[in-house]
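Worksheet: the structure to be examined is printed underneath.
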Amino acid sequence: MQLTRNAVKKPTETLQELAKDVEMPSHLAFVECPRETREILPLQYFIDGIRCPEIEKALRMADVKDLKSSSMYAVKFEAAQQAARRDRHPVRAAHIQQPVDQMTAHLDDLTRKLNALTRNTGDKKPTVKCWNCCAERHIRRNCRTPQGTDVKTEPIKKEGN
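Each residue of the sequence shown is one higher than the last, beginning at 3 in our numbering.
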């Protein structure tokens with residue numbers, strides 16, 4: 003009896019499933035009661051288990067006599083309610099951006115910049131100059147001239163000695 007009294011519609015559960023969940027335990031719990039009582043009690047538990055107050059109120063106002071007719075009425079009312087919800091919110095105009103055009107323009111800009119950079123550099127390698135002997139085409143680390151010698155400046159010859 004506790005199961006039927008606490009039966010509440012879950013968000014994923016349909017109204018027909020709730021009616022079955024209420025009907026079976028109540029028939030087992032009230033076997034000795036008269037038929038009319040066995041129909042009224044599951045009906046009351048079904049109405050109490052519906053979460054939507056509007057559907058619950060509509061079922062109470064409809065004065066339904068048994069569980070089957072109440073579940074049919076609840077399903078019809080729920081369908082009408084959902085159809086009315088769709089009509090309340092009209093479809094608004096959507097603004098569609100064109101990201102493809104922006105990306106294409108950005109890609110073209112990057113391509114132009116890359117072409118300009120390759121034109122300026124060319125395939126020429128810069129000439130390197132040794133800081134030790136001032137010769138071109140090698141660096142100080144690979145220089146054959148000893149580092150202690152001063153090859154950069156020519157010795158000044160004094161006249162008169």
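Ideal placement from N, C-alpha and C gives every residue a C-beta, glycine not left out.
Of all the options Phe32, Trp133, Thr106, Ala76, which has the alpha carbon lying nearest to the alpha carbon of Glu56?
The closest CA to that of Glu56, considering only Phe32, Trp133, Thr106, Ala76, is found on Ala76.
Beta-carbon within less than 7 Å of Phe79's beta-carbon, same chain only, minus the 5 sequence neighbours each way: which residues are those?
So the list reads Ile57, Ala60, once near-sequence residues are dropped.
Pick helix, strand or coil for Glu41, following the three-state DSSP scheme.
Helix at Glu41.
Would you call the CB atoms of Ser72 and Leu45 closer than 8 Å?
Taking 8 Å as the Cβ cut-off, Ser72 and Leu45 qualify as a contacting pair.
Mapping DSSP to helix, strand and coil, what is Lys78?
Three-state DSSP puts Lys78 in a helix.
Applying the 10 Å Cβ sphere with the 16-neighbour rule, what's the burial state of Ile141?
Flag for Ile141 reads exposed.
Straight-line CA distance for Ala21 to Ala96?
Here the C-alpha atom of Ala21 lies approximately 42 Å from the C-alpha atom of Ala96.
Between the Cα of Gly51 and the Cα atoms of Leu116, Glu34, Leu69, which residue gives the shortest distance?
When only C-alpha atoms are compared, the closest one is Leu69.
Can you check DSSP and say which residues form a bridge with Glu138?
Partner(s): Lys131.
Please report the residue range of the alpha helix (DSSP H) in which Lys59 lies.
55-64 is the span of the alpha helix (DSSP H), which, as asked, contains Lys59.
Report the residue from Pro148, Asn144, Asp65 whose alpha carbon sits nearest the alpha carbon of Ile42.
Looking at the Cα atoms, Asp65 is the closest of the given residues.
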